[in-house]
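S.K.: Let me give you the structure first, and then I'll get to my questions.
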Amino acid sequence: MLTSEVSLLNASFGQTVLTSNESLDQIDVSQYLDTLLASAFIFSILSPFTVASNGLLLVAIYKDPFKCFRSPVTVFIISLAMVDLLTGFIVEPLFALHYFACYFKQTLSPSEHFNLLFQIGTFFSLLLLSSSFLLVLALTTTQYIAITFPHKYKIFFTKKRIVIAVVGFFVYFVIFSSLQFAKIPYTLYLKINLHLHPTVVGFLLAVANIVLFRSFRKFEKQSNALRNPVTHHSANPNSRLVGHRSNALKQEKHLTTVALLLSSLLLFCAVPHIVAFYIYLYSSEKSNAYVLNVIIALRVSDLVLFLKVALDAYIYAWRHPKYRKAIKGVMFCFVKKMKRETETELEFMVI
């Protein structure tokens with residue numbers, strides 16, 4: 176066990192220093208260690224699913240067999256998929272490794288090597304999860320402009336500008352994540368992060384979600400109005416133009432539904448974590464036993480956030496039929512290629 180002066184426990188995006196007059200040796204931390212064990216098992220399951228689903232999404236977008244992922248907003252989808260993939264590939268395995276070590280060694284600080292790996296995990300956790308918040312906010316806002324002010328959207332939102340914005344997001348969060356290693360009080364750093372990112376960005380995301388939903392209802396009425404002439408007046412010489420416009424509206428409808436679901440899921444998963452973090456940082460009760468209970472709640476809310484990371488790609492596949500079609504196309508090409516290579520090998524064997 177660590178001394179009563181300093182106990183390092185993971186709290187959300189980094190480490191939290193607990194100070195108290197009572198010794199941790201006098202506190203039963205078995206419940207917290209059991210929580211770490213359960214979290215480690217869940218991370219071990221979520222990690223491969225997260226990597227596989229987002230990897231498949233990125234492959235489908237890269238191959239793009241039906242040329243359906245060329246809109247500027249696709250940059251946000253790609254960025255979010257990369258963030259989720261790196262979270263499943265780096266953060267979740269490192270957290271699982273540290274939690275397993277804590278449980279089997281029955282300590283909150285298993286060794287310097289495990290602590291170093293855990294620090295790397297918390298750095299990337301802050302970087303990637305915070306970037307996820309901002310990317311979903313940008314996607315929701317962009318999609319609102321796309322369906323409400325389509326002409327302005329085409330003028331101002333180009334792929335180049337969106338790429339520059341996304342790169343700016345990551346540069347900012349790399350710098351901010353590095354501040355946790357600077358000579359500033361760690362509790363102050365956590366408070367700045369909590370207010371600046373989950374709280375402010377979360378509030379803006381909630382507002383953007385509501386505004387987008389209201390605009391989406393009007394957009395659906397316009398889409399239905401355009402769809403009817405195609406059905407009843409297909410002989411009209413302008414029906415092909417109307418049909419093309421109807422398909423474009425249908426594409427925007429799918430992307431807007433994805434944006435609404437992603438933002439709603441993020442808010443639903445983030446609120447318990449934000450509330451628990453506020454309780455931890457601003458509660459007047461600071462005994463180690465109380466803080467341990469709060470951090471157990473934080474560990475559970477962490478799992479909810481990482482579950483959201485695993486579900487992002489499935490939401491995109493569920494609500495975007497062209498993505499499912501692209502996945503089938505990529506898989507078909509892969510199977511066809513493997514079959515052709517097998518036939519070629521058999522021919523050489525016969526010769």
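FYI, the numbering for the sequence shown is 176 to 526, going by our numbering. For each residue, glycine too, the CB sits at the ideal point set by N, CA and C. Given the structure is predicted, the values throughout are model-derived calculations rather than measurements.
1. What's the call for P285, buried or exposed, on a 16-neighbour Cβ count within 10 Å?
2. According to DSSP, is R139 part of a helix, a strand, or is it coil?
3. Secondary structure at Q426, three-state DSSP: helix, strand or coil?
4. With a 10 Å radius around its C-beta and 16 neighbouring C-beta atoms as the bar for buried, classify G343 as buried or exposed.
5. Excluding the 5 residues preceding and the 5 following L416 in the sequence, name in chain order all residues of the same chain whose CB lies nearer than 8 Å to its CB.
6. To the nearest angstrom, how far is it from the Cα of L478 to the Cα of I337?
7. Quick one: grab the DSSP three-state call for Q355.
8. According to DSSP, is F388 part of a helix, a strand, or is it coil?
9. Take I220 as the anchor and find which of G230, P268, M257, V234 has the nearest alpha-carbon.
10. Quick one: measure Cβ to Cβ for L260 and L480, integer angstroms, because I've assumed they're closer than 8 Å.
11. Hey, could you find the ends of the alpha helix (DSSP H) V266 is sitting in?
12. Is the region 242–255 in contact with the region 449–465, if contact means three or more CB pairs nearer than 8 Å?
13. Would the beta-carbon of S353 fall within 7 Å of that of L310?
14. Is the beta carbon of S390 less than 7 Å from the beta carbon of Y489?
15. CB-CB under 6 Å to F350, same chain, minus the five flanking residues each way: which ones, in chain order?
16. Can you name the start and end residues of the alpha helix (DSSP H) that E460 belongs to?
17. Is H448 buried or exposed, if buried means 16 or more other CB atoms sit within 10 Å of its CB?
18. Can you give me the C-alpha to C-alpha distance between S222 and H370, rounded to a whole angstrom?
19. So for V204, helix, strand or coil by DSSP?
20. Judging by CA-CA distance, which residue of I265, A451, L440, F275 is the nearest neighbour of T297?
21. Quick one: residues in its chain with C-beta nearer than 6 Å to the C-beta of F394, no 5 flanking neighbours on either side, listed in chain order?
22. Count the other CB atoms within 10 Å of the CB of T333; is the residue buried (16 or more) or exposed (fewer)?
23. Can you name the start and end residues of the alpha helix (DSSP H) that P325 belongs to?
24. For L199, count neighbouring Cβ atoms within 10 angstroms of its own Cβ and tell me buried if that reaches 16, exposed if not.
25. For F289, count the other beta carbons within 10 Å of its own beta carbon; 16 or more makes it buried, fewer makes it exposed. Which is it?
26. Enumerate in chain order the residues of its own chain whose CB-to-CB distance from T262 is below 6 Å, with the five nearest sequence positions on each side excluded.
27. Within the continuous alpha helix (DSSP H) that includes L371, where are the two ends?
28. For P247, which of I217, P325, L283 has the nearest alpha-carbon?
29. Does DSSP put L480 in a helix, a strand or coil?
30. Output yes or no for whether 7 Å exceeds the beta carbon distance between A434 and L314.
M.R.: According to the data block:
1. Looking at its Cβ environment, which holds 16 or more other Cβ atoms inside 10 Å, P285 is buried.
2. Given that the chain is displayed from residue 176 to residue 526, the structure contains no residue 139 and the question cannot be resolved.
3. Per DSSP, reduced to three states, the secondary structure at Q426 is helical.
4. By the neighbour-count criterion, in which 16 or more other beta carbons inside 10 Å mark a residue as buried, G343 falls on the exposed side.
5. Confidence at L416 is low in this model, with a pLDDT of 47, below 50, so its placement is unreliable and no value can be given for it.
6. Spanning the two alpha carbons is a distance of roughly 31 Å.
7. The answer is helix: DSSP assigns Q355 an H, G or I state.
8. Helix, per DSSP.
9. I220 has its Cα closest to that of P268, out of G230, P268, M257, V234.
10. Not really, about 16 Å apart at Cβ, beyond 8 Å.
11. No alpha helix (DSSP H) holds V266; DSSP gives it neither H nor E.
12. Contact between the region 242–255 and the region 449–465 is absent, because fewer than three Cβ pairs lie under 8 Å.
13. Cβ distance not < 7 Å, so S353 and L310 don't count as in contact.
14. Cβ atoms of S390 and Y489: not closer than 7 Å.
15. Before going further, note that residue 350 is Ile rather than Phe in the sequence given. Closer than 6 Å at Cβ, skipping near neighbours: no residue.
16. According to the DSSP assignment, E460 belongs to no alpha helix (DSSP H), since it is labelled neither H nor E.
17. It is buried - the Cβ of H448 has at least 16 other Cβ atoms within 10 Å.
18. The straight-line gap from Cα to Cα measures roughly 29 Å.
19. In the three-state reduction of the DSSP assignment, V204 falls in the coil class.
20. Nearest option by C-alpha distance: I265.
21. Sequence-distant partners of F394 (beyond 5 residues in either direction) whose C-beta falls short of 6 Å from its own C-beta, in its chain, are I322.
22. Answer is exposed; the Cβ neighbour count stays below 16.
23. DSSP places P325 in the uninterrupted alpha helix (DSSP H) bounded by 325–331.
24. Low confidence applies here, because L199 scores a pLDDT of 47, under 50, leaving its location unreliable; read the following figure in that light. By the neighbour-count rule (16 or more Cβ atoms within 10 Å), L199 is buried.
25. The residue in question, F289, is buried, as its Cβ has 16 or more Cβ neighbours within 10 Å.
26. Once the five neighbours on either side are set aside, the close Cβ partners of T262 are L303, V484.
27. First-last for L371: undefined, no H or E at that position.
28. Minimum Cα distance to P247 is reached at P325.
29. Residue state, collapsed to three classes: helix.
30. Cβ distance < 7 Å, so A434 and L314 count as in contact.
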